[in-house]
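All residue numbers for the sequence shown refer to my numbering, where the first residue is 7 and numbers rise by one.
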Amino acid sequence: MRVLKHDHTTSNFMYSQPLHLSPIENKSFLVTGGAGFIGSNITEYLLAHGAKVRVMDNLATGNYDNLKPFEAHPHFQFMEGDLRNPDDCKKACEGMQAVCHQAAIGSVPRSIKDPITSNDVNVGGFVNMLTAAKDEGIRRFVYASSSSVYGDEPNLPKKEERIGNPLSPYAVTKYTNEVYAGVFARCYQMEIIGLRYFNVFGPKQDPYGEYAAVMPLFIRDLLNNQSPYINGDGEQTRDFTFVHNAVQANILGLTTENPDACNQAYNVAFGERFTINQMFEAIRQYLQKEIQPIYREPRAGDIRDSLADISKARQLLGYQPQYSFEQGLPLTIEYFKKIFG
Ligand code: NAD
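See below:
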């Protein structure tokens, strides 16, 4: 952990630099969950670099507004569809050359409240999508896993090969995805890459609702001059990962030509951790507010500390996260300042 310094750089054009390892121009990508936070950022990168993108989303937690900037783009297509429907998955895969699978029901607490829906979408839907890709002859399939697969494994930093017992139904779904990914790679010679995201944050993250992530909630509350809630003592740590870094990992996964990089799961993070209190304080200082948080009971299913070892992604995918927490935070706050106008 280290003390936060502020970097007040702001830029709205994050995806101008190429990150792909092989040509993507005119190549067709299916992005599931593309109306959501991470999927819409991936869509932005792909379109900006000449690729064709079909987004499939049922808008359960995503927001079509995230896709509005691309509506008129000749290479963009939106298909409203549900992962739980095999026919929708089949139609979504038709004519595509690679799948970037982001769609899922996120949130640990949501899965604790409703494990059946999490399982139906995240496991059943995942198998539907893998099967549809296989039937269409698509080999490259990159998907969102999660740091939650580490569960109660106590060691830091988290290394891919050491995982513990899952602490929530959500974690079970992501772990199960990884098991299925291995089986589909072995049975059907697919090239499947899993990305274990660690607390992604940035523009387009949903700031609304019961299950919103903590950073947009803090920003929203502080902009509204309200005290945000902190679960527990706020000394829990997270490896906050700016969304540009998660996009980079997806683009590398979709375009790598290194056979050893396929059929693996990778940590996707920056490789530094900060406490929730430090994050709150950084946002408070940036916004120059005097507001204090309200502490409440810790949340079930949450892990205490999280920090990734990102050396595997560095070595096999060439992953080099470009935005630290301090660099991503101002971009995120400035985005939400515009949203909350
Ligand atoms: P998000 O909720 O913004 O995006 C998920 C998208 O999937 C939404 O647009 C939603 O409408 C869509 N979706 C949900 N159910 C669907 C269904 N049945 N059919 C079709 N579309 C459906 O979430 P996000 O933060 O962008 O997360 C993307 C992926 O990354 C998810 O798989 C999530 O579990 C994973 N992940 C995210 C984080 C993070 O910090 N944000 C951390 C670990 C893993």
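Cβ coordinates follow ideal geometry from the N, Cα and C atoms, glycine included.
Requested in this report: Please list, in chain order, all residues of the same chain as K295 whose beta carbon is under 8 Å from its beta carbon, the five residues on each side excluded.
Outcome: Taken in chain order, the residues that qualify are L228, N231.
**Report entry** Cα-Cα separation, S317 to Q284
**Finding:** S317 and Q284 have their C-alpha atoms some 25 Å from each other.
Report task. Kindly examine the ligand NAD and report whether one of its heavy atoms sits closer than 7 Å to the Cβ of S312. Result -> S312 Cβ: outside cutoff for every heavy atom of the ligand NAD.
Query raised in the report: Mind checking E216: buried by the 16 CB within 10 Å criterion, or exposed?
Result: Around the beta carbon of E216, a 10 Å sphere encloses fewer than 16 other beta carbons of the protein chains shown; the residue is thus reported as exposed.
**Report entry** Inter-residue Cα distance where the pair is A314 and D71
**Finding:** Straight through space, the alpha carbons of D71 and A314 are spaced by roughly 32 Å.
Report task. Compute the beta-carbon to beta-carbon distance between N134 and R90, rounded to the nearest angstrom, for a pair I have assumed lies under 8 Å. Result -> Between R90 and N134 the Cβ distance is about 7 Å, and since that is below 8 Å, they are a contact.
Query - For R244, three-class secondary structure by DSSP - result: In this structure, DSSP gives R244 an extended state, which the three-state scheme calls strand.
Report task. Spatial neighbours of T349 within its chain, please: CB distance less than 6 Å, with the 5 preceding and 5 following residues excluded, ordered by chain position. Result -> Summary: the structure shown does not reach residue 349, with the chain confined to residues 7 through 347, and so no result is reported for it.
Query raised in the report: Which one or two residues does DSSP pair with E86 in a beta bridge?
Result: As computed with DSSP, E86 is found in a beta bridge with D63.
Query - Nearest to V155 (by Cα), restricted to the options E31, V37, G200 - result: For the residues E31, V37, G200, the minimum Cα distance to V155 belongs to G200.
**Report entry** Among K74, G56, Q83, A54, nearest to M62 - alpha-carbon criterion
**Finding:** Of the candidates K74, G56, Q83, A54, the residue whose Cα lies closest to the Cα of M62 is Q83.
Query raised in the report: Counting along the chain, where does the alpha helix (DSSP H) carrying E340 start and finish?
Result: That run of the alpha helix (DSSP H) goes 331 to 345.
Query raised in the report: How is D13 classed by DSSP in three states: helix, strand or coil?
Result: Caution applies to D13, whose pLDDT of 37 falls short of 50 and renders its modelled position unreliable; the value that the coordinates give is listed next. Coil.
Query raised in the report: For I225, which three-state DSSP category applies?
Result: Correct three-state label for I225: helix.
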